[in-house]
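K.L.:
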Amino acid sequence: MNLTTSTFNGWNAIHVEGQVDSKTVTTLRDYIDSEVNEAIPVALDLTAVPFMSSAGLRTLLTLHRRTQELQVDLALVGLSDSIAETMRVTGFYDFFVIYADLQSLPPRG
Amino acid sequence: MLVDRIDALPTDEIAGFKVRPGKPLPFGVSHTPNGLNFSIYTSAGTACTLVLFNRGEEQPFAELPFPENYRIGDVFCMVVFGLDYEDLEYGFRIDGPHDPGAGHRFDPSKVLMDPYARLIAGRDVWGETPNWDRLYPYRARVSFDDFDWEGERPLEIPSEDLVIYETHVRAFTQSPTAGVKHPGTYAALVEKIPYLKDLGVNAVELMPIYEFDEFENSRIHPDTGERLYNFWGYSTVGFFAPKAAYAATGRFGMQVDEFKQLVKTFHRAGIEVILDVVFNHTAEGNEHGPTLSFKGLDNKTYYMLTPEGYYFNFSGTGNTLNCNNPIVRNLVLDCLRYWAAEYHIDGFRFDLATILGRDPWGAPLSNPPLLESLAFDPILSSCKLIAEAWDAGGLYQVGTFPAFGRWGEWNGKYRDCLRRYLKGDEAQVGQFAQRVQGSPDLYNPSGRSPATSINFITCHDGFTLADLVSFNHKHNDANGEGNRDGGDDNHSWNCGAEGWTDDPGIKALRQRQMMNAMAMLLTSRGTPMLLMGDEFGRSQHGNNNAYCIDSAISWVDWSLLEGNAALHSFVRALIRFRHQHPALRVNRFDAPGTALFPSCSFHGTHPWSPDWSDQSRQLAWLMATDLPDQGRIDAVYVATNMAHFASWFSLPQLPEGYRWHLCFNTGDATQPFNPEEPPFDDSGILLGDRSVVVLKVMST
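And the structure:
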């Protein structure tokens with residue numbers, strides 16, 4: 507799994523590449539923890555994530571709760587159809603603001 | 007302040023893994039700081055080994071024998087550190103005597119599933135032929151159990167206010183006509199919630215969803231070549247785990263989340279979820295059946311055995327779970343508490359529940375400890391407990407099931423009487439009067455209430471409603487048993503021709519009979535239960551025991567909804583009517599009624615004069631209650647004429663200020679229900695042959 511960061515339209519975009527499962531989820535969580543700052547909205551770019559296991563989805567939900575606590579906006583970007591469908595069926599989907607791609611993110615000051 | 011816990015660190019190393027002595031409770035696997043606690047009970051086992059697999063792999067990557075100092079009483083327990091618990095599958099080998107005559111069947115060559123497994127892998131896809139030689143077929147995994155309910159909780163709808171809908175995850179959603187994204191799954195059932203909400207039911211009773219083996223006793227039909235399955239699922243592999251193959255996400259091991267999401271979504275729609283649970287036997291069969299778990303863990307504890315060590319068979323399926331053994335009793339209690347607390351389940355219907363009241367040798371107990379424990383359990387106190395109060399060993403306890411003031415019953419006598427009255431049998435009217443008022447003859451003497459009675463005319467077991475009015479005899483050839491299986495006491499009537507016909511008279515009569523059945527069911531006191539699809543004429547083509555059929559015979563054909571729209575609209579209106587009329591839902595046998603009418607009174611063609619003779623096929627009832635908070639009464643009059651001729655029914659006279667309104671008349675083919683419920687000022691009404699009318703009282 508590769509993790510990089512960029513700034514896009516005022517969002518702190520965290521780009522994830524590779525599978526998110528129990529083997530990689532700790533790396534992702536630690537990386538996100540170090541990247542989330544108060545007052546800067548976070549876009550988690552999952553365009554290059556082909557599969558996300560149960561543990562991966564749980565990390566998304568804990569990230570959602572943490573950003574809520576910090577009052578930081580969180581968006582998911584570029585979910586694959588199969589991950590989106592798994593999230594719908596298991597109830598994870600409705601927690602998140604989701605955009606098809608980075609270009610769809612509303613600009614932030 | 008967080009402090010370091012001493013037990014977060016290992017004390018020993020076994021087979022290359024850091025470990026420490028575990029805790030005996032809870033049984034099964036649980037999360038501890040930095041590790042997983044494994045706990046397994048065996049009273050006669052002499053040694054135990056924890057066997058660890060990577061997900062899906064045939065051979066284990068580690069085997070960790072429990073040291074003697076890791077045993078407390080009869081429980082082996084160990085904490086293992088550093089495991090990837092998402093990909094982990096675990097089982098146990100137990101050593102001990104192999105002496106079937108003495109009841110012991112230990113075999114350390116088998117890897118056994120944890121009876122407390124909350125997540126089970128290995129059989130994630132429905133109907134995929136299993137590898138029978140697999141060392142470990144049903145594989146326990148570690149469940150997260152951290153679902154975000156967002157404040158959702160069980161609905162706690164009073165039993166008397168329920169309209170239960172019995173359904174089967176796969177049968178309800180598998181047909182291409184279901185129009186769902188993931189046929190045959192929990193997710194598909196969720197897609198059908200808007201339909202159920204619109205129909206008006208407020209509880210679904212799901213046929214077994216605990217992990218079961220659809221290949222149990224699977225065989226090929228000798229004539230058709232079709233594979234026959236254990237389709238219904240009344241044979242449990244794991245009591246704590248939802249069936250993986252019913253989950254659209256089962257292949258990702260996310261069935262726990264998917265099923266919880268189902269419950270959450272049903273609750274948001276105001277619909278309770280009741281599980282049909284099978285604690286009377288397991289999928290391990292008799293001495294010829296597979297060894298999956300209990301048989302190798304502690305055979306003598308978990309099963310009722312003959313003095314020679316053979317399996318008692320009160321369930322008719324090979325073995326009988328030893329429910330009143332204290333160990334098994336705790337397993338059942340732990341299991342139901344888990345489903346109530348962790349899955350927010352609203353109630354349980356117990357298959358062949360009288361077995362739960364038998365002692366270890368099969369004799370019925372007068373005060374069965376398991377049933378008492380369930381009745382008074384603090385976590386289950388708001389859950390509905392419903393007994394199928396009979397078993398395959400001949401114990402029939404409808405009306406006498408040890409209820410402890412808590413248990414409801416599938417009222418088999420209601421079913422039989424309603425069917426016989428519906429088809430015009432003689433000598434039914436007296437019993438019929440008992441049935442429609444909640445069966446006080448069965449439940450009043452022991453101080454129980456009308457809602458004790460789960461009223462039903464059809465259920466999964468037997469004919470569908472459309473078949474009940476279309477077949478005199480079962481037609482079970484598709485089951486591959488030469489039509490010998492299934493009951494012969496159907497009390498059905500085909501209305502003039504066996505099976506499908508183009509005769510318009512017969513078709514019209516069948517339609518009317520289905521409406522009559524629904525009208526009587528939904529205006530009876532007690533808790534009504536409908537079978538899936540009966541509201542639009544679902545048929546199994548005369549098959550009254552389709553337990554093994556995974557095809558269009560069992561699957562609900564949703565295209566019927568269009569063709570039978572009139573029946574569907576009628577049932578929908580009846581359910582709404584029931585919800586609107588508290589008089590139909592009074593839950594006391596000694597209710598005072600109103601100043602105008604008793605709580606429940608019976609009538610005939612003349613008011614207050616029912617004909618109780620054996621030849622009578624006519625009965626009317628008037629149910630009434632005061633609504634003090636609304637300053638009015640609620641009263642409903644139902645007249646039934648199951649004779650083959652029309653009759654004039656004079657209506658009970660109403661005092662000044664009240665009038666009748668006509669709501670339903672199954673004899674009026676063009677308008678069997680009146681959405682407008684128009685005022686009805688005649689002194690009586692002509693009931694057509696085999697017809698039901700329903701009127702209500704309103705103030706002018």
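From first to last, the protein sequence lines stand for chains E and S.
For the first sequence, the positions run 507 to 615 when the numbering used here is used.
For the second sequence, the positions run 7 to 706 when the numbering used here is used.
Note that CB positions come from ideal geometry on N, CA and C, so glycine has one too.
Report the rounded CA-to-CA distance for Gln525 of chain E versus Gln609 of chain E, giving the unit in angstroms.
P.N.:
About 23 Å.
K.L.:
Closer than 9 Å by beta-carbon distance: list the chain E residues that pair up with Ala572 of chain S, in chain order.
P.N.:
Ordered by position in chain E, no residue passes the 9 Å Cβ test against Ala572 of chain S, which lies about 35 Å from the chain.
K.L.:
Using beta carbons (cut-off 8 Å, strictly below), is Thr255 of chain S in contact with chain E?
P.N.:
Interface residue, yes.
K.L.:
Closer than 8 Å, CB to CB, is Asp579 of chain E near chain S or not?
P.N.:
Taking Cβ atoms only, chain S never reaches closer than 8 Å to Asp579 of chain E, which makes this a no.
K.L.:
Can a CB atom of chain S be found closer than 8 Å to the CB of Gly597 of chain E?
P.N.:
Yes, Gly597 of chain E counts as interfacial toward chain S.
K.L.:
Does any residue of chain E have a CB that is nearer than 8 Å to the CB of Glu197 of chain S?
P.N.:
Closer than 8 Å: no.
K.L.:
Looking at Phe153 of chain S and Asp263 of chain S, is the spacing between their C-beta atoms short of 8 Å?
P.N.:
Cβ atoms of Asp263 of chain S and Phe153 of chain S: closer than 8 Å.
K.L.:
Let's test the definition: count the other Cβ atoms within 10 Å of the Cβ of Glu394 of chain S and tell me whether it reaches 16, buried, or not, exposed.
P.N.:
Result: buried.
K.L.:
Val86 of chain S and Pro30 of chain S - do their beta-carbons sit closer together than 8 Å?
P.N.:
Not a contact, by the Cβ cut-off of 8 Å.
K.L.:
Starting from the beta carbon of Ser559 of chain E, find every residue of chain S whose beta carbon is closer than 9 Å, and list them in chain order.
P.N.:
Within 9 Å Cβ-Cβ: Glu92, Asp93, Phe258, Gly259, Met260.
K.L.:
Is the CB of Glu787 of chain S under 8 Å away from at least one CB in chain E?
P.N.:
In the structure as shown, chain S begins at 7 and stops at 706. Residue 787 of chain S is therefore absent and cannot be evaluated.
K.L.:
For Phe686 of chain S, decide whether its Cβ has a neighbour in chain E, counting only Cβ atoms nearer than 8 Å.
P.N.:
Not an interface residue.
K.L.:
Which ranges does the alpha helix (DSSP H) cover as unbroken runs of at least 4 residues, wholly within the stretch 470–548 of chain S, from first to last along the chain?
P.N.:
Within the stretch 470–548 of chain S, the complete alpha helix (DSSP H) runs of at least 4 residues are 471–474, 510–528.
K.L.:
Taking just the CA atoms, how far does Pro451 of chain S sit from Gln180 of chain S?
P.N.:
Distance between the alpha carbons of Gln180 of chain S and Pro451 of chain S is about 45 Å.
K.L.:
Would the beta-carbon of Tyr135 of chain S fall within 8 Å of that of Arg99 of chain S?
P.N.:
Inspection of the sequence shows that residue 135 of chain S is occupied by Thr rather than by Tyr. No, they are not a contact pair.
K.L.:
Can you tell me the Cβ-Cβ gap for Asn549 of chain S and Gly493 of chain S, rounded? I've got them flagged as a contact below 8 Å.
P.N.:
At roughly 12 Å, the Cβ-Cβ gap does not stay under 8 Å, so Asn549 of chain S and Gly493 of chain S are not in contact.
K.L.:
For the alpha helix (DSSP H) containing Val442 of chain S, list its first residue and its last residue.
P.N.:
Start and end: 435–442.
K.L.:
Between the Cα of Val592 of chain S and the Cα atoms of S:Leu168, S:Thr48, S:Cys83, which residue gives the shortest distance?
P.N.:
For the residues S:Leu168, S:Thr48, S:Cys83, the minimum Cα distance to Val592 of chain S belongs to S:Leu168.
K.L.:
Sort E:Ser512, E:Thr511, E:Leu611, E:Met558 by Cα distance to Ala598 of chain E and report the nearest one.
P.N.:
Residue 598 of chain E is actually Phe in this sequence, not Ala. Out of E:Ser512, E:Thr511, E:Leu611, E:Met558, E:Met558 has the C-alpha closest to the C-alpha of Phe598 of chain E.
K.L.:
Should Gln267 of chain S be flagged as near chain E, meaning a C-beta pair shorter than 8 Å?
P.N.:
By this cut-off, Gln267 of chain S is an interface position.
K.L.:
Residues of the stretch 143–167 of chain S with a CB closer than 8 Å to any CB of chain E: list them in chain order, please.
P.N.:
Against chain E - using a Cβ distance shorter than 8 Å - the residues of the stretch 143–167 of chain S are Phe150, Asp152, Phe153, Asp154.
K.L.:
The beta strand (DSSP E) that contains Leu580 of chain S, what's its start and end?
P.N.:
First-last for Leu580 of chain S: 571–586, but that is the alpha helix (DSSP H), not the beta strand (DSSP E).
K.L.:
What residues in its chain sit with their C-beta under 6 Å from that of Ala275 of chain S, if we drop five residues either side in the sequence?
P.N.:
Result list for Ala275 of chain S: Ile199, Lys203, in chain order.
K.L.:
Kindly give me the distance between the Cβ atoms of Phe354 of chain S and Val283 of chain S, rounded to whole angstroms, as I take these residues to be in contact under 8 Å.
P.N.:
Rounded, the Cβ-Cβ distance is 5 Å, consistent with contact.
K.L.:
Compare the Cα-Cα distances from Thr573 of chain E to each of E:Val548, E:Gly562, E:Met507 and report the closest residue.
P.N.:
Out of E:Val548, E:Gly562, E:Met507, E:Val548 has the C-alpha closest to the C-alpha of Thr573 of chain E.
K.L.:
From which residue to which residue does the alpha helix (DSSP H) around Thr568 of chain E run?
P.N.:
Note, Thr568 of chain E: alpha helix (DSSP H), 560–576.
K.L.:
Are there three or more Cβ pairs, one per stretch, closer than 8 Å when the stretch 563–570 of chain S is compared with the stretch 533–544 of chain S?
P.N.:
Yes, the stretch 563–570 of chain S touches the stretch 533–544 of chain S.
K.L.:
Could you tell me the distance, in whole angstroms, from the CA atom of Tyr225 of chain S to the CA atom of Phe601 of chain E?
P.N.:
A small fix is needed here, since residue 225 of chain S is Arg in this sequence, not Tyr. Those two C-alpha atoms are separated by around 45 Å.
K.L.:
Taking C-beta to C-beta, are Tyr317 of chain S and Thr326 of chain S nearer than 8 Å?
P.N.:
Against a cut-off of 8 Å, the Cβ pair of Thr326 of chain S and Tyr317 of chain S comes out as a contact.
K.L.:
How many Å lie between Ala439 of chain S and Phe112 of chain S at the Cα?
P.N.:
The straight-line gap from Cα to Cα measures roughly 56 Å.
K.L.:
Excluding the 5 residues preceding and the 5 following Tyr449 of chain S in the sequence, name in chain order all residues of the same chain whose CB lies nearer than 6 Å to its CB.
P.N.:
Within the same chain, Tyr449 of chain S has close Cβ partners Thr458.
K.L.:
Span of the alpha helix (DSSP H) holding Val175 of chain S?
P.N.:
Where Val175 of chain S is concerned, the enclosing alpha helix (DSSP H) stretches over 175–179.
K.L.:
Can you tell me where the alpha helix (DSSP H) holding Leu428 of chain S begins and where it ends?
P.N.:
Note, Leu428 of chain S: alpha helix (DSSP H), 418–428.
K.L.:
Report the residue ranges of all alpha helix (DSSP H) runs contained in full by the stretch 137–217 of chain S; include only those spanning at least 4 residues, in chain order.
P.N.:
With a minimum length of 4 residues, the continuous alpha helix (DSSP H) runs that stay inside the stretch 137–217 of chain S are 175–179, 192–197, 199–205.
K.L.:
In angstroms with no decimal places, state the Cα-to-Cα distance between Thr596 of chain E and Ile546 of chain E.
P.N.:
Going from the Cα of Thr596 of chain E to the Cα of Ile546 of chain E covers about 29 Å.
K.L.:
Around the Cβ of Ser498 of chain S, are there at least 16 other Cβ atoms within 10 angstroms (buried) or fewer (exposed)?
P.N.:
The residue in question, Ser498 of chain S, is buried, as its Cβ has 16 or more Cβ neighbours within 10 Å.
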